[in-house]
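Engineer:
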DNA sequence: TATGAATGAGGGTTCATTCAT
DNA sequence: GATGAATGAACCCTCATTCAT
């Protein structure tokens, strides 16, 4: 209707949409932290200052949103693998430090660890993304450590990561339970014999 | 089998109610397995072939029901502790076997491990019951093993059990993840140094 | 089964039942006071220390119970009519004092006034009883006062009593509202012209 | 009819919602009439042809709905006070006619009088609204009449209105009971001496 | 595109009433 | 007769998802 809007509307829309998407990601991150990854859609929309429809447009499933929220950190974690392997004295140290990174990531995102183990179909995409991106990284570290004889050779990267993920569930709710300590013990248990 | 079940009419009425209660416990166990411990009240009632009111009569809160469903096994597990300690060659073996029992219990009751770590207020009673009953048992085994120098002395029974419980979450959903293996690794990580 | 119970059981039952009935009436009166005439059946049963079935046996409908609870006072009120008419200086004074009695009765029985005006079918018997017993008494007083020219002649006993009953609804909930004052005003309004 | 209803899409959406809200108000009024102010939410929704969620969106609490249903008439009644005072021959006539309006309002809205005297916490907002809006109006009329020596000076507007409200309870259920007649008697009782 | 109103399935809880014991 | 366990209808409320504007 307004004449002057047509000229730049393509670009405008893009910019608007991108700004909206970022607001949504921030809002979702905050909501996940407060209520877990199943935070009510309306909460997220309200925090972002958009309508609920906008969420569904940008992120058709909840998993899409969760993946998007954590993508940056997942990428950072994935990229840290090779770097650590190259920079540490032994593969075992690299593995331990990489797992520390992974734990730090999960522990500070309440609800993420829960989502990772949820069998809710809505999170399939999330599972797939995490596995595709991180399991190979972990596998390389694990293989290197195993090749050096520093860890048992019969542990799969997938199960190790699932174990670490599980240990991180509920972090922060209970001062008597520190996931980092338990993950350390688990990693210690990887030593041969 | 039980002597007092035949006799007078007073006991008869009780027998009826008890049979119903057992049906409810079985139904709830099945529902928990299928849908987790937050299974809809109506589902449980339907499985048991009773009205919803009957559930509320027997178990006013959900926690009451959950506790009742698992009480037998919790008791059995608790009682196994001293027995194993007395019967095994070393405290460490007793600890390992007791944890195997605990894991077997959790793994076959999908939903229980989830309930144990839920921060939903409805499960406080459940948490309390588990802690009261099992943590001391675990503590004795752990202390004995530590005294024998077989495990690190700086691990609390509570955190160990929480860790084991967490590792059991999601068991059975995924053939690539076997909680028993990971718990073994965790226990191996308890060795000194 | 027990031999010695058969001999006197008829009499025993009677005594038991009567005791039960009285306990129920007391319990119901207390429950009505606390929760109104729609007090939960189970509350009443619990207060009386009997099962709910016992209530239904003695008082098939709620109205039966309500009527029974208030019968004594209704009777007393009904009997006071002729006495007052005979003993007071004028019919108008008798009428006023009789209405005071009625108000006192209603005001101290929270929930009764509400029940009297309820159109719930369960209270038909209650309405009928009140009307049968009290309206004629009021009518005699009213007629006498009208005959003496002390009150308007066009007011029916039924509507007067309903009006008084309505004014008593909610008594005691609100210190700013005193049914007695308003009933006095209503009665004053009966004066001719 | 309303000028701003055509125009832009923003207003259009509003118009839809407003139409819905009006349907809800009508439906609620009908439901209140049939079942009292505690009419089931679903009934009201069904009458309005909307889902229950729509009710909760527009009127989060029942009191909100009740207030909204009666707001127009309350306002009209409140505004009639000063008009009558200015237009009638004597304050007493103005008072009587204003009370007639109030009674007409209550009598045609079965369930409202009941709601007014309910001690259910859900109706606090309703009470407050009625009191805030109507008691001052009544007080002015009453004061004027008292100043003119036409009515007793010791009657508060609040208690008078409560009395009138109470007399209107159950109107229409019983042909033998006409609230208007009794209110007239009550008002007549306000005359000095 | 963005909005947010509407929908309605889904889950929780209470309580009057019946009926086997 | 008395009991109280069982039933299930009837309410309430929330929230994910769709879709008209």
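Chains as they are written, first to last, in our numbering: chain A, 618 to 810; chain B, 618 to 810; chain C, 618 to 810; chain D, 618 to 810. Glycine residues also receive a C-beta, built at the ideal position from the N, C-alpha and C atoms. In this text the structure is predicted, and so the values were computed from the model without any measurement.
Report the three-state DSSP secondary structure of residue 699 (chain D) (helix, strand or coil).
Structural biologist: Taking the fourth chain and counting its residues from 1, the one referred to as residue 699 (chain D) is at position 82. Residue 699 (chain D): helix per DSSP, three-state reduction.
Engineer: In this structure, how does DSSP classify residue 787 (chain A) when only helix, strand and coil are distinguished?
Structural biologist: For the purposes of this step, residue 787 (chain A) is taken as residue 170 along the first chain, with counting starting at 1. Here residue 787 (chain A) sits in coil by DSSP.
Engineer: For chain B, check one thing: does any of its Cβ atoms lie closer than 8 Å to the Cβ of residue 783 (chain A)?
Structural biologist: Within the first chain, numbered from 1, the residue matching residue 783 (chain A) stands at position 166. Taking Cβ atoms only, chain B reaches closer than 8 Å to residue 783 (chain A), which makes this a yes.
Engineer: Which of the three DSSP states is assigned to residue 709 (chain A) in this structure?
Structural biologist: Reading the first chain from its first residue, position 92 is the one you call residue 709 (chain A). In the structure shown, residue 709 (chain A) sits in a helix (DSSP, three-state: H, G or I).
Engineer: Cβ of residue 716 (chain D) less than 8 Å from any chain C Cβ?
Structural biologist: For the purposes of this step, residue 716 (chain D) is taken as residue 99 along the fourth chain, with counting starting at 1. No, because no Cβ of chain C sits closer than 8 Å to the Cβ of residue 716 (chain D).
Engineer: Residues of chain D with CB closer than 8 Å to the CB of residue 751 (chain C), please, in chain order.
Structural biologist: Position 134 of the third chain holds residue 751 (chain C). Residues of chain D passing the Cβ test: none, with the nearest at roughly 14 Å.
Engineer: List the endpoints of the continuous alpha helix (DSSP H) containing residue 807 (chain C).
Structural biologist: Translated into positions along the third chain, residue 807 (chain C) becomes position 190. Note, residue 807 (chain C): premise wrong, no alpha helix (DSSP H); not H, not E.
Engineer: Helix, strand or coil: which one does DSSP assign to residue 627 (chain D)?
Structural biologist: Taking the fourth chain and counting its residues from 1, the one referred to as residue 627 (chain D) is at position 10. In this prediction, residue 627 (chain D) scores a pLDDT of 45, lower than 50, which makes its location untrustworthy; the coordinate-derived value is nonetheless stated afterwards. Residue 627 (chain D): helix per DSSP, three-state reduction.
Engineer: Could you tell me the alpha carbon to alpha carbon distance between residue 692 (chain C) and residue 745 (chain C), rounded to whole angstroms?
Structural biologist: Within the third chain, the letter at position 75 stands for residue 692 (chain C). Within the third chain, the letter at position 128 stands for residue 745 (chain C). Using only the alpha carbons, I get a separation of about 14 Å.
Engineer: In or out: residue 779 (chain D) buried (at least 16 other Cβ within 10 Å) or exposed?
Structural biologist: Counted from its first residue, the fourth chain places residue 779 (chain D) at position 162. Residue 779 (chain D) should be labelled buried.
Engineer: To the nearest angstrom, how far is it from the Cα of residue 645 (chain B) to the Cα of residue 790 (chain A)?
Structural biologist: Walking along the second chain from the start, residue 645 (chain B) turns up at place 28. Walking along the first chain from the start, residue 790 (chain A) turns up at place 173. Between residue 645 (chain B) and residue 790 (chain A), the C-alpha separation is close to 27 Å.
Engineer: Taking 8 Å as the CB-CB cut-off, is residue 577 (chain C) touching chain D?
Structural biologist: The requested residue 577 (chain C) is not part of the displayed model; chain C covers only 618 to 810.
Engineer: Below 8 Å between beta carbons: does that hold for residue 769 (chain D) and residue 796 (chain D)?
Structural biologist: Sequence index remark: in the fourth chain, residue 769 (chain D) carries index 152 (1-based). Sequence index remark: in the fourth chain, residue 796 (chain D) carries index 179 (1-based). Not in contact: residue 769 (chain D) and residue 796 (chain D) (Cβ atoms no closer than 8 Å).
Engineer: 8 Å is my cut-off, CB to CB: does residue 793 (chain D) come that close to chain C?
Structural biologist: Numbered from 1 along the fourth chain, position 176 holds the residue referred to as residue 793 (chain D). So yes, residue 793 (chain D) belongs to the interface.
Engineer: Give me the subset of the stretch 719-749 of chain D whose CB atoms are less than 7 Å from a CB atom of chain C, sorted by chain position.
Structural biologist: 734, 736
Engineer: Less than 7 Å between C-beta atoms, sequence neighbours within five positions excluded: which residues of the same chain meet that for residue 708 (chain A)?
Structural biologist: If you number the first chain from 1, residue 708 (chain A) lands on position 91. 702, 758, 761, 762, 765, 767.
Engineer: Taking Cβ positions only, does residue 802 (chain B) come closer than 8 Å to chain A?
Structural biologist: What you label residue 802 (chain B) is simply residue 185 of the second chain in a count that begins at 1. With 8 Å as the cut-off, residue 802 (chain B) counts as an interface residue toward chain A.
Engineer: Since residue 779 (chain B) meets chain A, which of its residues come closer than 7 Å, beta carbon to beta carbon?
Structural biologist: In the second chain, the residue the question calls residue 779 (chain B) occupies position 162. The answer, in chain order, is 794.
Engineer: Short of 8 Å in beta carbon distance, which residues of its chain neighbour residue 783 (chain B), apart from the five on each side in sequence? Order them along the chain.
Structural biologist: Residue mapping note: residue 783 (chain B) aligns to position 166 of the second chain, counting from 1. Excluding residues within five positions, the ones whose Cβ falls inside 8 Å are 730, 734.
Engineer: Which value, in whole angstroms, describes the spacing of the CA atoms of residue 781 (chain A) and residue 647 (chain B)?
Structural biologist: Looking up residue 781 (chain A) in the first chain gives position 164. Looking up residue 647 (chain B) in the second chain gives position 30. So the two alpha carbons sit approximately 29 Å from each other.
Engineer: Check the Cβ of residue 805 (chain D) against every Cβ in chain C and list those closer than 7 Å, keeping chain order.
Structural biologist: Along the fourth chain, one-based indexing puts residue 805 (chain D) at 188. By Cβ distance, chain C contributes 806.
Engineer: Within 10 angstroms of its Cβ, does residue 626 (chain D) collect 16 or more other Cβ (buried), or is it exposed?
Structural biologist: Here residue 626 (chain D) refers to the residue found at position 9 when the fourth chain is read from its first residue. The predicted model places residue 626 (chain D) with a pLDDT of 41, which falls under 50 and marks its position as unreliable; any figure quoted below should be read in that light. Exposed: under 16 other Cβ atoms inside 10 Å.
Engineer: Would you kindly check if the distance between the Cβ of residue 806 (chain A) and the Cβ of residue 788 (chain B) is under 8 Å?
Structural biologist: In the second chain, the residue the question calls residue 788 (chain B) occupies position 171. In the first chain, the residue the question calls residue 806 (chain A) occupies position 189. No. Outside cutoff.
Engineer: CB-CB under 6 Å to residue 690 (chain B), same chain, minus the five flanking residues each way: which ones, in chain order?
Structural biologist: Within the second chain, numbered from 1, the residue matching residue 690 (chain B) stands at position 73. Correct list, in chain order: 722.
Engineer: Would you grab the beta carbon distance between residue 728 (chain D) and residue 641 (chain D) for me? Rounded to a whole angstrom, and I think it's under 8 Å.
Structural biologist: For this step, residue 728 (chain D) is matched to residue 111 along the fourth chain. For this step, residue 641 (chain D) is matched to residue 24 along the fourth chain. 16 Å between Cβ atoms; not a contact.
Engineer: By the criterion of Cβ-Cβ separation under 8 Å, what are the contact partners of residue 786 (chain B) in chain A?
Structural biologist: As a working note, residue 786 (chain B) is residue 169 in the second chain. Those within 8 Å of residue 786 (chain B) in chain A are 734, 783, 786.
Engineer: Taking the runs of the beta strand (DSSP E) that are 3 residues or longer, which of them lie wholly in the stretch 719-761 of chain D?
Structural biologist: none
Engineer: From residue 736 (chain D) to residue 740 (chain C), what distance separates their C-alpha atoms?
Structural biologist: As a first step, residue 736 (chain D) must be located in the fourth chain, where it is residue number 119. As a first step, residue 740 (chain C) must be located in the third chain, where it is residue number 123. Taking the straight line joining both Cα atoms gives about 21 Å.
Engineer: Checking contacts by CB at 8 Å: is residue 776 (chain D) closer than that to chain C?
Structural biologist: If you number the fourth chain from 1, residue 776 (chain D) lands on position 159. Yes, contact with chain C.
Engineer: For chain A, find out if any of its Cβ atoms is closer than 8 Å to the Cβ of residue 799 (chain B); answer yes or no.
Structural biologist: The count along the second chain starts at 1 and reaches residue 799 (chain B) at position 182. Yes, because at least one Cβ of chain A sits closer than 8 Å to the Cβ of residue 799 (chain B).
Engineer: Taking the runs of the alpha helix (DSSP H) that are 4 residues or longer, which of them lie wholly in the stretch 654-687 of chain B?
Structural biologist: 658-665, 669-675
Engineer: Is any beta-carbon of chain C found at less than 8 Å from that of residue 675 (chain D)?
Structural biologist: Mapped onto the fourth chain, residue 675 (chain D) falls at position 58. So, not an interface residue.
Engineer: CA-CA distance, residue 738 (chain C) and residue 664 (chain A)?
Structural biologist: In the third chain, the residue the question calls residue 738 (chain C) occupies position 121. In the first chain, the residue the question calls residue 664 (chain A) occupies position 47. Cα to Cα, residue 738 (chain C) sits roughly 52 Å from residue 664 (chain A).
Engineer: I need the DSSP call for residue 794 (chain D), collapsed to helix, strand or coil.
Structural biologist: Here residue 794 (chain D) corresponds to residue number 177 of the fourth chain, with the count starting at 1. Three-state DSSP puts residue 794 (chain D) in coil, outside helix and strand.
Engineer: Taking the alpha-carbon positions, what's the residue 816 (chain D) to residue 670 (chain D) distance?
Structural biologist: Absent from the model: residue 816 (chain D). The displayed extent of chain D is 618 to 810, so no value can be given.
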